[in-house]
Each structure stands twice: as structure tokens, then as C-alpha cells.
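What follows is a set of notes on a single structure, which appears directly below.
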Amino acid sequence: MAMGIASGGGGRGGRRGRRGRTPMAEINVTPLVDVMLVLLIIFMVTAPLLTAGVPIELPDSSANALGEESESIAVSMDAAGQIYVGEQAIAPGGFANAVAGMGCGGDVARSIELRADRALDYGRVMAVMGELNRGGCNAIALVTNSSVTAP
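All the letters of the sequence shown, read from the start, carry residue numbers 160 to 310 under the numbering used here.
Following this line, the structure appears as C-alpha cells:
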């Protein structure tokens with residue numbers, strides 16, 4: 160009995176009854192934090208997969224990284240010499256038509272990010288760069304893996 164009187168909610172004289180309860184005004188942030196951590200993990204796993212869709216083993220270089228540009232076109236060459244624009248494979252002999260469709264020679268200066276497998280012949284990479292230059296694509300960036308020491 161003493162506890163009911165001291166707490167103020169036991170008998171008829173108490174201020175808080177069954178109908179007089181105030182709603183809880185606190186927000187439980189634990190589920191929000193859990194969802195945000197799951198989304199963070201998903202983005203951390205998928206972000207590296209979005210950069211290049213063609214599996215290429217890039218050569219190492221000790222050069223400084225350049226800033227990323229939004230108007231760049233990815234041209235990739237795999238170990239077999241197959242050429243890709245973005246993730247679309249280009250038929251043999253059709254690269255000149257693909258370069259003409261890129262629109263490099265227009266008013267918008269687009270840069271080309273050339274990713275070539277380390278096993279490719281230097282002459283094959285230079286032939287692709289020459290075709291890009293002939294099509295009006297003069298800003299060509301060679302993409303490599305970064306390394307601490309020079310090869």
C-alpha cells in the first residue's frame with residue numbers, strides 16, 4: 160500500500176490513471192542506424208563494380224592520379240585485343256565507326272579513358288590511340304593501377 164501512495168498512480172487519488180498517460184516523446188534511432196549501416200555496406204561493395212564493366216588487368220604506374228571528369232568515355236581493350244566502348248563490345252573493323260559516333264570533334268571537349276590490358280602489344284594500343292586521334296578525340300587518358308614504386 161505504501162508503494163501505491165508514494166508512486167502516485169495506484170489509487171483513485173493518483174494523477175495518472177489508465178486514460179491519462181502521456182505518449183512517449185522519444186524516437187528510437189536504433190533501427191535507423193541499422194538500416195543506414197546496411198546501406199553503407201551495400202554501396203561500399205557495389206561502388207568498385209560500377210567503374211569498369213570489362214575485366215582488365217591494368218599495368219602499374221607511379222604517376223599521380225588525375226581528377227575525374229563527368230564527360231569522359233571509357234574505351235577498354237582486354238587481353239585478347241577486343242575493344243569495348245563503355246561495356247559494349249565493338250565488332251572487328253568497326254572501331255572507326257564507333258569513334259565517329261562518340262562525338263569527340265564537336266563543341267563539347269570529351270576526354271577518353273583508355274584502359275588496356277598489360278598483356279597487349281604496344282603497337283595495338285597505339286593503333287587504337289591513333290584511331291581515336293583521327294576521329295577528333297585528342298584528350299586521351301591512359302588508366303593504370305597505382306603503385307608505390309615504379310616497375
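All C-beta atoms, glycine included, are put in the ideal place defined by N, C-alpha and C.
| Check | Outcome |
| --- | --- |
| Terminal residues of the alpha helix (DSSP H) in which alanine 259 lies | 254-259 |
| CB of methionine 261 within 9 Å of CB of arginine 269, strictly | yes |
| Residues bridged to aspartate 219 [DSSP beta-bridge criterion] | Asn304 |
| Integer-rounded CB distance, given that glutamate 272 should sit under 8 Å from valine 244 | Valine 244 to glutamate 272, Cβ: 11 Å. No contact. |
| Beta-bridge partners of alanine 248, as assigned by DSSP | Tyr243 |
| Contact check, isoleucine 299 vs methionine 288, beta carbons under 9 Å | yes |
| Which of helix, strand or coil DSSP assigns to alanine 233 | strand |
| Residues sharing a beta bridge with alanine 206, DSSP | Its beta-bridge partners do not exist; DSSP assigns none. |
| With 16 other Cβ atoms within 10 Å as the buried cut-off, status of aspartate 193 | exposed |
| Rounded straight-line distance, which links the Cα of asparagine 256 to that of glycine 294 | 9 Å |
| Opening and closing residue of the beta strand (DSSP E) in which leucine 378 lies | Nothing about residue 378 can be read from this structure; the chain reaches only from 160 to 310. |
| Beta-carbon proximity list for alanine 259, same chain, < 8 Å, skipping 5 on both sides | Gly294 |
| Option in Gly252, Leu196, Ser231, Ala278 with minimal Cα separation from glutamate 290 | Gly252 |
| For arginine 274, the first and last residue of its enclosing beta strand (DSSP E) | 270-275 |
| Where isoleucine 186 sits in the DSSP three-state scheme | coil |
| C-alpha gap between phenylalanine 254 and phenylalanine 202, whole angstroms | 34 Å |
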